Amino acid sequence: MAAFIARRFLYMVPTVFLISLVAFVIIQLPPGDYLTTLMAQYASQGESLDQAQLDAMNERYGLDQPFFVQYWKWISGIMFHLDFGQSFEWSQSVSGLLADRLPLTMALAGLTLLLTWFVAVPLGVFSAVKQYSIGDYVATTIGFLGLATPNFLLALVMLWVAFSTFGLSVGEANPVTFAIAILVLGTAGTAGLIRILRANLLDELRKPYVVAARAQGLPEGRLLVKYPLRVAMNPFFSTIGWLLPSLVGGEVIVATVMNLNTVGPLLLGALRSQDMYLAGSIILILGVLTVLGTLISDIALAWLDPRVRLRYR
């Protein structure tokens with residue numbers, strides 16, 4: 001097991017490098033650069049920049065340098081100094097911007113993940129054990145509605161209900177808005193995980209070893225927890241790899257609608273203005289979260305399922 005974790009950490013290094021390179025390429029794919037966007041903003045206001053100013057800003061931001069020089073300057077600063085570069089639009093360090101917004105973003109994603117699991121596990125188990133019951137149909141209907149409802153629409157509806165029905169202060173950064181954001185972000189993930197766990201558990205409950213355990217008189221509750229539920233949770237644990245980064249990156253619209261000071265709106269603004277160091281750094285962080293989430297899910301699977309542990313010996 002220790003050797004498996006060590007190998008995975010070694011694999012993470014080239015993976016993160018590749019993610020950083022792809023992120024840097026993606027943010028430079030649109031035509032133009034930050035100065036092109038800045039010139040368009042000045043033109044919309046009836047102003048302009050002369051060539052001397054453009055040349056000075058090109059040199060200041062390093063936009064006149066070759067692609068790989070810009071990339072190495074950025075990634076070497078991260079590796080050796082934890083310096084993510086300078087934001088063009090905000091005129092301050094990317095590290096400072098991320099330090100202001102990342103804690104709230106991670107708190108939002110972490111609490112949403114906990115809510116998703118605490119709701120999805122019991123409902124998924126109940127829906128499988130009580131298949132075709134009224135409760136199963138209710139859980140299924142809620143799941144489909146959760147998957148079908150857009151996050152921004154659900155956020156607007158919940159903000160309106162909180163304000164008009166309960167008189168709560170919404171539309172600004174406060175505990176009520178934060179709690180609503182957690183519920184909104186957790187709805188789709190919870191609905192999806194309920195369906196995954198229900199399908200996996202139903203498949204396990206029909207297998208011969210469960211029938212044999214029942215025939216030996218093993219109590220239903222102990223049988224469920226000891227055997228089929230443990231196996232059915234395997235794909236459930238693997239969702240950590242995509243659910244955590246999707247929550248961090250997927251809160252762009254929700255945070256914008258609810259006026260939350262998180263990374264999502266920052267990424268959206270950086271992509272619009274082609275603020276390459278800021279946008280690239282956020283995309284890199286999302287990639288690292290994906291890699292870490294996958295590692296955590298693999299370790300959890302190895303701990304949960306002895307067959308996985310034997311595979312890595």
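Letter by letter, the sequence shown follows residues 1 to 313 in this note's numbering. Just so you know, even glycine gets a beta-carbon here, dropped at the ideal spot from N, CA and C. The structure presented is a predicted model; accordingly, all values stated were derived computationally and were not measured.
Which residues mark the beginning and the end of the alpha helix (DSSP H) in which residue i is found?
{"i": "Thr165", "result": "Premise fails: Thr165 is in no alpha helix (DSSP H) and is neither H nor E."}
{"i": "Pro31", "result": "Unbroken run through Pro31: none, as it is neither H nor E."}
{"i": "Gln70", "result": "67-81"}
{"i": "Ala53", "result": "Per the sequence presented here, residue 53 reads as Gln, with Ala not at that position. Per DSSP, Gln53 belongs to the alpha helix (DSSP H) from 51-61."}
{"i": "Ser273", "result": "263-273"}
{"i": "Lys226", "result": "220-226"}
{"i": "Asp298", "result": "276-304"}
{"i": "Gly195", "result": "The amino acid occupying residue 195 in the given sequence is Arg; Gly does not appear at that position. Taken as a continuous stretch (DSSP letters only), the alpha helix (DSSP H) holding Arg195 covers 175-205."}
{"i": "Asp100", "result": "94-129"}
{"i": "Tyr209", "result": "208-215"}
{"i": "Leu145", "result": "134-148"}
{"i": "Thr256", "result": "252-258"}
Roughly how many angstroms separate the alpha carbons of residue i and residue j, rounded to a whole number?
{"i": "Leu295", "j": "Ile19", "result": "16 Å"}
{"i": "Asp64", "j": "Ile196", "result": "50 Å"}
{"i": "Leu243", "j": "Ala212", "result": "36 Å"}
{"i": "Met39", "j": "Leu102", "result": "30 Å"}
{"i": "Ala255", "j": "Arg7", "result": "37 Å"}
{"i": "Arg60", "j": "Ala300", "result": "47 Å"}
{"i": "Gly167", "j": "Pro175", "result": "14 Å"}
{"i": "Tyr34", "j": "Ala270", "result": "9 Å"}
{"i": "Asp83", "j": "Trp74", "result": "8 Å"}
{"i": "Phe17", "j": "Leu10", "result": "12 Å"}
{"i": "Met57", "j": "Leu49", "result": "10 Å"}
{"i": "Arg214", "j": "Ile194", "result": "25 Å"}
{"i": "Ala52", "j": "Gln45", "result": "20 Å"}
{"i": "Phe178", "j": "Leu98", "result": "19 Å"}
{"i": "Met258", "j": "Gly221", "result": "43 Å"}
{"i": "Ala279", "j": "Lys226", "result": "46 Å"}
{"i": "Leu268", "j": "Ile283", "result": "11 Å"}
{"i": "Phe4", "j": "Leu108", "result": "31 Å"}
{"i": "Asp55", "j": "Ile26", "result": "24 Å"}
{"i": "Gly85", "j": "Gly62", "result": "11 Å"}
{"i": "Arg234", "j": "Leu304", "result": "In the sequence as displayed, the identity of residue 234 is Asn instead of Arg. Cα to Cα, Asn234 sits roughly 8 Å from Leu304."}
{"i": "Gln28", "j": "Gly264", "result": "19 Å"}
{"i": "Ser281", "j": "Phe80", "result": "15 Å"}
{"i": "Phe68", "j": "Leu223", "result": "58 Å"}
{"i": "Leu218", "j": "Val231", "result": "18 Å"}
{"i": "Val161", "j": "Ala139", "result": "23 Å"}
{"i": "Leu266", "j": "Pro66", "result": "26 Å"}
{"i": "Gly110", "j": "Glu251", "result": "12 Å"}
{"i": "Val129", "j": "Ala2", "result": "36 Å"}
Excluding the 5 residues flanking residue i on each side, which residues of the same chain have their C-beta closer than 7 Å to its C-beta?
{"i": "Leu154", "result": "Val184, Thr187"}
{"i": "Ala43", "result": "none"}
{"i": "Val289", "result": "One detail in the question is off: residue 289 reads as Leu in this sequence, not Val. For Leu289, where only same-chain residues beyond five positions count, the Cβ hits under 7 Å are Leu244, Pro245, Val248."}
{"i": "Leu147", "result": "Ala188, Ala191, Gly192"}
{"i": "Val121", "result": "Leu197"}
Throw me the rounded Cβ distance for the residue i and residue j pair, which I believe falls under 8 Å.
{"i": "Gly159", "j": "Ile142", "result": "Looking at the sequence itself, residue 159 is Leu, so the reference to Gly does not match. About 21 Å separates the two Cβ atoms, so there is no contact after all."}
{"i": "Thr339", "j": "Thr116", "result": "Outside the modelled stretch of the chain, which goes from 1 to 313, sits residue 339, for which no answer is possible."}
{"i": "Met12", "j": "Val291", "result": "5 Å"}
{"i": "Thr262", "j": "Ile182", "result": "Their Cβ separation, rounded to whole angstroms, is 12 Å, which puts Thr262 and Ile182 out of contact at 8 Å."}
{"i": "Phe152", "j": "Ile253", "result": "5 Å"}
Of all Cβ atoms in chain C, is any one closer than 9 Å to the Cβ of residue i?
{"i": "Leu82", "result": "Judged by its chain identifiers, the structure shown contains no chain C, having just a single protein chain."}
Whose C-beta lies closer than 6 Å to the C-beta of residue i among residues of the same chain, with five residues either side of it excluded?
{"i": "Tyr71", "result": "Phe24"}
{"i": "Val119", "result": "Thr190"}
Got a sec? Which residues, its chain only, sit under 8 Å from residue i by beta carbon, not counting five neighbours each side?
{"i": "Pro30", "result": "Gln274"}
{"i": "Ser87", "result": "Ser93, Val94, Leu97, Ala270, Asp275, Tyr277, Leu278"}
{"i": "Leu144", "result": "It is worth fixing the name first, because residue 144 is Phe in this sequence and not Leu. For Phe144, where only same-chain residues beyond five positions count, the Cβ hits under 8 Å are Ala191."}
{"i": "Thr37", "result": "Arg272, Ser273, Gln274"}
{"i": "Gly77", "result": "Asp83, Phe84, Gly85"}
Confirm the yes/no value for this check: CB of residue i, any heavy atom of the ligand GDP, distance under 8 Å.
{"i": "Leu185", "result": "The ligand GDP is absent from the structure shown, which contains no ligand whatsoever."}
> Is there contact here, the region 190-204 with the region 115-129, by at least three beta-carbon pairs under 8 Å?
Replying inline: yes
> Within the chosen definition, does the region 204-217 reach the region 89-96 through at least 3 CB pairs nearer than 8 Å?
Replying inline: Segments in contact, no.
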